[in-house]
Amino acid sequence: MTKHLIIGTAGHVDHGKTALINTLTGIDCDTHKEEKERGITINLGFAHLELESEISLGIVDVPGHKDFIKTMVAGAYGIDFVLLVVAADSGIMPQTREHFNIMRMLGVSKGLVALTKADIVDEEILELAKLEIMEFLEGSPMEDASIVAVSSVTGEGIDELKKEISRVAAEIPEKSHHENFRLYIDRIFNVKGQGIVITGSALGGSVIAGQSIFLLPGNHDKLRIKSIQRHGKKVEKVTAGDRAALNLSGLKYDDFERGMLLSDKLLEETLMVDALVELFDLQVRLNLWSHVIFHTGTFSTKVRIHLLTTDSLSGNEKAVVQIHLEKPAILLNNDKFIIRNSSNDLTLGGGTILDTQPLHHRRRTDLLKQKMQLLADAMINKANRIQLIILELEKSGKPFQMLEIGEKISLTAEEIENAVVENPDKIYIRETTNGKYLVSESYQNKIRNGILEELKTFHAQNNLMERGLDARELKGKFAIKSIAETDILNQILQTLLEDGKIRIVGKTFALKNHEVKPDKKMQEQLDWIDYVANKNGLQRLTRTELEKKATNEGFQKSRIKMLLQFLAQKNVLYFNGEDILHASPVAKARIALLKALAGKPKGINEKEFRILLDAPKKTIQVLIDIFVNEGVIQKETYYLHITEKGKGLL
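Residues in the sequence shown are numbered from 61 upward in steps of one, following our numbering.
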């Protein structure tokens with residue numbers, strides 16, 4: 061199976077990059093009139109090379125002039141390895157250093173060196189040039205890179221260079237085809253009879269002809285891929301690592317702005333990111349807030365950088381920052397970027413995107429600094445994936461499906477599951493009706509401890525009530541709305557029941573050790589209500605009437621209902637939410653009614669019952685409800701009848 065990779069050139073202007081590619085491939089990358097007239101590369105050039113080892117190599121030729129660094133960054137983004145070009149008669153020059161630093165900052169760690177113009181210098185100069193390059197690369201990821209002396213005029217070293225390119229390419233893994241497809245558009249043009257065609261380098265995933273695709277950022281309709289070309293030939297599919305041309309339907313030239321990309325799914329745009337920034341070894345300094353130009357792919361914008369983990373940043377130093385972008389961008393975690401000064405004439409450094417949807421860090425607390433450093437370490441150190449997952453879960457403050465969180469932190473479901481399995485004490489996997497969810501230890505503890513605290517507070521405020529809070533009330537306390545979070549809440553409640561921390565009271569949950577026990581003052585209030593209700597006999601006493609009397613006695617109005625409910629639970633009185641009857645006169649009324657019914661086989665009606673007790677009509681209705689619910693009488697139309705249970709009380 062053919063491997064698809066992209067190699068990019070880097071080096072100072074007029075060191076022979078374009079001529080070398082022409083000699084390697086037979087393709088002239090300088091296609092514009094101005095490039096021919098000035099003898100320098102201005103725009104990105106593209107070529108390809110089919111290697112014997114079944115490697116299809118796309119080649120990006122970048123401009124070396126300092127005025128076109130923005131174009132150079134656009135071309136360098138997404139390449140797999142670099143061909144650093146140094147002229148033997150000039151050696152290391154300013155843009156050699158700048159290009160190399162940019163490549164390093166963009167994550168390009170593999171490559172080789174072409175020492176060009178070998179035909180115009182003697183052996184001694186050639187050896188000195190090689191020594192200078194070796195010294196320049198020392199301590200970098202490319203310190204062991206091959207250095208091949210070549211001449212684009214005589215063909216010297218070209219075959220050896222091809223072999224070295226093949227060797228390095230064989231060592232480089234392909235980009236993931238499982239990620240979503242992204243392609244920064246570096247050229248767009250109208251082809252007569254075909255319509256709009258765009259070109260770019262595929263950063264991940266794959267697409268096929270006929271597939272729908274999105275132009276981002278912006279609210280554009282879906283586009284359709286009419287046809288695909290790779291290296292000038294029509295193909296049905298383009299994959300990560302390919303240079304490709306896509307003929308699109310649905311795209312108008314005016315819809316396009318430089319910096320846009322194509323994606324096979326809608327991606328959320330952002331105006332703020334957390335990132336790890338590193339400055340080059342220059343005499344520059346970033347203060348707490350700095351204005352710079354941000355470059356990634358073909359996208360660039362002015363930004364404000366807020367240092368989070370330090371008060372200032374100098375050359376060769378790193379810091380976690382929050383970047384505020386002037387215009388929306390489509391970015392993913394782990395994306396690389398370059399920053400230049402606000403005049404856009406000096407490359408300052410670059411970095412890695414850590415979080416594309418961060419919280420706004422207004423205050424630089426010690427806890428924030430600690431979390432930001434953990435995030436940076438976890439993102440850069442792939443072995444610490446579990447910390448990355450934990451930080452994302454804690455940031456959102458809620459559980460996530462495995463696939464959902466994978467998209468947020470650029471990890472596959474397999475990578476996430478492996479990390480969780482290896483660290484079962486830090487993250488829990490909860491099976492819900494919506495599938496598997498990841499729950500952080502802090503979320504689990506927040507809900508678990510929160511339930512216990514809410515019940516403790518409820519009992520303190522309602523210490524005469526046996527009941528606690530039901531599941532619906534607890535959902536409201538924690539602002540739980542989703543089905544999955546409800547399932548997780550129920551699972552945590554079940555665990556608390558099994559652990560003996562809570563118990564079920566009716567349809568509610570109460571603390572296991574909760575006891576209904578009135579204090580001295582409350583007992584005095586209970587005794588007062590007991591006395592007033594008993595004294596009132598069968599005359600109607602409503603909650604409203606009692607509240608008026610009670611507040612005059614210094615009662616808190618908000619606690620009266622609880623006191624009444626407690627006395628009702630203790631069978632001291634009957635309370636239906638409004639009407640209050642003491643148990644003592646009710647007991648007398650019950651016996652009087654049952655005796656009367658025992659001598660009346662046909663029963664008595666409600667009016668006769670009222671005359672029997674000499675009580676208000678409303679009181680009689682309340683008593684009938686009490687006795688029917690107790691099962692000692694039955695009501696048939698207008699008549700009351702004694703039951704077997706009622707006879708047993710006589």
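Where is the CB? At the ideal position from N, CA and C, for every residue including glycine.
Under the assumption that A269 contacts I285 (Cβ atoms under 8 Å), give the Cβ distance between them as a whole number of angstroms. 6 Å
I'd like to know whether the C-beta atoms of L263 and R242 end up nearer to each other than 7 Å. yes
Spatial distance of L524 from E501 (CA atoms): 35 Å
So L654 and I686 are in contact, right, with Cβ under 8 Å, and what is the actual spacing, rounded? Contact doesn't hold; Cβ gap of about 13 Å is too wide.
Please identify the residue among A134, V251, I67 and G215 whose C-alpha is closest to the C-alpha of G171. I67
Have a look at the DSSP bridge pairing and note the partners of N522. The partner list for N522 (beta bridge, DSSP) is empty, contrary to what the question assumes.
May I have a chain-ordered list of the alpha helix (DSSP H) segments no shorter than 4 residues that lie completely inside the stretch 597–644? 603–612 and 617–629
Would you mind stating whether V208 and G199 have Cβ atoms separated by less than 7 Å? no
From G124 to G71, what does the alpha carbon distance come to, in whole angstroms? Residue placement at G124 is poorly supported in this model, since its pLDDT is 46, which falls under 50; the coordinates still yield a value, given next. When rounded, the distance between both Cα atoms is 6 Å.
Residues in the same chain with beta-carbon distance under 8 Å from T85, minus the five sequence neighbours each way, listed in chain order, please. A107, H108, L109 and I119
Cβ neighbour criterion (16 or more within 10 Å) applied to Q343: exposed
Going residue by residue through the stretch 394–447, where are the continuous alpha helix (DSSP H) segments of at least 4 residues, counting only ones entirely within it? 426–440
For H642 and Y698, I'd like the C-alpha separation in whole angstroms. 26 Å
Expressed to the nearest angstrom, what Euclidean distance is found between the alpha-carbon atoms of G76 and A438? 41 Å
What runs of the beta strand (DSSP E), each 3 residues or longer, lie entirely inside the stretch 467–554? 487–492 and 495–500
Please go through the same chain and pick out, in chain order, the residues whose beta-carbon is closer than 7 Å to the beta-carbon of G409, but skip the five residues on each side of it. M165, V337, E338, L339, F340 and I399
Please determine, among M582, G528, K580 and L598, the residue with the shortest C-alpha to C-alpha distance to K567. G528
How big is the Cα-Cα spacing for K312 and I256? 7 Å
Nearest residue (CA-CA) to L322, options I273, G614, A656 and S169: I273
Assumed close pair V213, L175 - CB separation to whole angstroms, cut-off 8 Å: That pair is no contact at about 14 Å.
Identify whether G794 lies in helix, strand or coil by the three-state DSSP scheme. Lying outside 61 to 710, the shown extent of the chain, residue 794 is not represented and no answer is given.
To which residues does DSSP link M153 through a beta bridge? In DSSP, M153 forms no bridge with anything.
The stretch 446–464 / the stretch 360–376 touching (three or more Cβ pairs under 8 Å): no
DSSP-derived helix/strand/coil call for S372: coil
Assuming L673 and A649 form a contact by the criterion Cβ under 8 Å, report the distance between their Cβ atoms to the nearest whole angstrom. 6 Å
In this structure, what does DSSP give as the bridge partners for G215? Per DSSP, none; premise fails for G215.
What whole-angstrom Cβ distance do I548 and T492 have, given they're in contact under 8 Å? 7 Å
Take L197 and list the residues in its own chain whose beta-carbon comes closer than 7 Å to its own, dropping the five residues that flank it on each side. E203 and A205
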